[in-house]
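Following: one structure in structure tokens, then a few remarks.
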Amino acid sequence: MSIAQISLDCVFHFLNGKSPRPSSDGEFPIYGSNGKIGFSKEHNHERSIVIGRVGAYCGSVEVCESKFWGSDNTIILKPKDGHNLKYWFYRLKSYPLGNYSGGAAQPLLTQKTLKPIKINSHQIESEQFRIAEILSTYDDLIDNSTKRIGLLEKSACLLFREWFIRLQYPGHENANVKDGIPEGWTHGNVNDFYETASGGTPSRKNPDYFTGDINWVKTQELLDGYIFETDEKITEQAISESSAKIFPENTVLVAMYGATIGRLGILAKPSSTNQACCALITKHKDSNPFFAYLFLAENKQGLINLAQGAAQNNISQQVIRNYPMVLPAKNIMDAFVERVEPIFKLKQSLELQIKNLATARDLLLPRLMNGDITV
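Here's what the structure looks like:
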């Protein structure tokens, strides 16, 4: 095993990105500072590492093993002969490139800044290949599970639309319609069928509040999936001395503030949230958390359209409470839940699998890069 320092300009050809021309039917991914941002009919790079060069994602690292378009917010690094693309992706992914950013108004990286950076790395290409192969195994499993989750989500959303938007549910041919909805269905607002509540933020002046083991969800952690663990956790004392509260497992969360409006989450275990999350808890005998989740997903744009605010757009808990909702008859809801509950359970299992795989990969990565594990 041979590990030594090497400057990035000895490893890569440095190339610039260019302002993209997006196309809805383009085949080549467009990369910006925050990863894939669309598609183009054209490409300007291939088999390279993409570095975010400006803004909040300055120093971000992506890799594309095929042809792509790198935007003007990126710096493109193409490995020279003798250097493995995927190895260097993982090596740079674990290196704090963002710490080298300058810029007055916002963070900025330049080729001039990046080229002289010296990084410890494996010098033998076969070792680079083996390390990349090991780490790629984890990412391949994660990608496969992510694709399966996408298919599950699509099937659940299509079923919701078929039954409750197009009203093509089982037995619809024989249903009597009264006041615009099938007989036995109930027209109301979200608040008629679900209890809504928001959380709170314990005082940052008391750091002990944030030393507990109770999940505390922030809206950036709402990623349209299950929430297993959170970045910050709080204590029982924090709960009792603030407006934060613990919500039960399977509570559906929806983001109310700023750019995250409408993003969803489902609690995998009892957890608290900050005040930017609205929690929906079943209170009607025929309501169900999976129905609520799919209803909110279907009506995301409708909620966004109701957002208000001077500095940033927000929706209030009252807006969500008053949002119109039709609850199907019990037999239809039961049949629907029977179809979608296994989908959500498998989604939860796959998301937990992804979380565990990512954790294992991230623990292994520095040990491989530092030479603690021989390959």
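Numbering (UniProt numbering), first residue to last: 1 to 375. Every residue, glycine too, gets a C-beta built ideally from N, C-alpha and C.
Using beta-carbon positions only, say whether ALA4 and GLN123 come within less than 7 angstroms of one another. yes
Can you tell me whether DSSP reads HIS187 as helix, strand or coil? strand
Please report the distance separating the alpha-carbon of ASP179 from that of GLU173. 17 angstroms
Skipping 5 residues on each side, what residues in its chain have a beta carbon closer than 6 angstroms to that of VAL319? LEU306
Contact test: ASN331 Cβ vs the ligand SAH heavy atom, cutoff 6 angstroms: In the structure shown, the ligand SAH is absent, as is every other ligand, since no ligand is present at all.
So what does DSSP say about residue 454, is it helix, strand or coil? Residue 454 lies beyond the residue range present for the chain, which begins at 1 and ends at 375; the question has no answer from this structure.
Quick one: does LEU85 have its CB under 7 angstroms from some CB of chain D? Among the chains of the structure shown, chain D does not appear; only one protein chain is present.
Helix, strand or coil for ILE149? Go by DSSP, reduced to three states. helix
When DSSP labels each residue in this structure, what does CYS277 get in the three-state scheme? strand
Can you give me the C-alpha to C-alpha distance between TYR87 and ILE117, rounded to a whole angstrom? 17 angstroms
Which residue's Cα is closest to the Cα of LYS67: HIS45, LYS78 and ILE51? HIS45
Over what stretch of residues does the beta strand (DSSP E) that includes LEU327 continue unbroken? 324-327
For ASN322, count neighbouring Cβ atoms within 10 angstroms of its own Cβ and tell me buried if that reaches 16, exposed if not. exposed
For ARG339 and LEU135, believed in contact at Cβ under 8 angstroms, the rounded distance: Not really, about 38 angstroms apart at Cβ, beyond 8 angstroms.
Just the C-alpha distance for TYR257 and LYS80, rounded to the nearest angstrom, thanks. 45 angstroms
Measure the Cβ-Cβ separation of LEU350 and ILE149 and say whether it is below 7 angstroms. yes
Would you decide whether residue 379 is buried or exposed? Buried here means 16 or more other CB atoms lie within 10 Å of its CB. A question about residue 379 goes unanswered here, because the residues of the chain that appear run from 1 up to 375.
Is it a yes or a no for the stretch 276-293 touching the stretch 326-338, going by three-plus beta-carbon pairs under 8 angstroms? yes
Once you ignore the five residues that flank THR260 on each side, which residues in its own chain have a CB closer than 6 angstroms to its CB? THR219
Sort out for me which residues DSSP pairs ILE214 with in a bridge. ILE234
What first and last residue would you give for the alpha helix (DSSP H) that runs through THR359? 330-370
Among TYR90, PHE14 and CYS157, whose alpha-carbon lies nearest the alpha-carbon of residue 400? In this structure the chain extends from 1 to 375, so residue 400 is not present and cannot be described.
Count the other CB atoms, across all protein chains shown, that sit within 10 Å of the CB of GLU229; report buried if there are 16 or more and exposed otherwise. exposed
Smallest Cα separation from GLN255: which of CYS278, SER243 and SER272? Looking at the sequence itself, residue 255 is Ala, so the reference to Gln does not match. The shortest Cα separation from ALA255 among CYS278, SER243 and SER272 belongs to CYS278.
Checking 7 angstroms against the spacing of the C-beta atoms, do LEU114 and LEU8 come in under that value? yes
Pick out the complete beta strand (DSSP E) segments inside the stretch 2-62, 3 residues or longer, and give them in chain order. 3-7, 12-16, 28-32, 35-40 and 45-52
Identify every run of the beta strand (DSSP E) within the stretch 60-133, keeping only runs that are complete inside it and at least 3 residues long; order them along the chain. 61-70, 74-79 and 118-122
First through last residue of the beta strand (DSSP E) which encompasses LEU167: No beta strand (DSSP E) contains LEU167, which DSSP labels as neither H nor E.
Return the chain-ordered list of same chain residues with a C-beta closer than 7 angstroms to the C-beta of TYR95, the five sequence neighbours on each side being excluded. ILE119
Just list the residues that DSSP pairs VAL252 with in beta bridges. ILE266 and LEU280
If you reduce the DSSP assignment to three classes, tell me which class residue 384 lands in. Limits of the chain in this structure are 1 at one end and 375 at the other, which puts residue 384 out of reach.
Considering only the alpha carbon of each residue, which of SER33, GLN308, ASN189 and ILE49 lies closest to PHE14? ILE49
On the criterion of 16 or more Cβ atoms from any shown chain inside 10 Å, does ARG367 qualify as buried, or is it exposed? exposed
Among SER71, ASN84, SER19 and ARG21, which has the Cα closest to the Cα of PHE12? ASN84
Can you give me the C-alpha to C-alpha distance between LYS245 and GLU133, rounded to a whole angstrom? 45 angstroms
Pick from SER145, THR186, LEU365 and LEU152: whose alpha carbon is nearest that of PHE164? THR186
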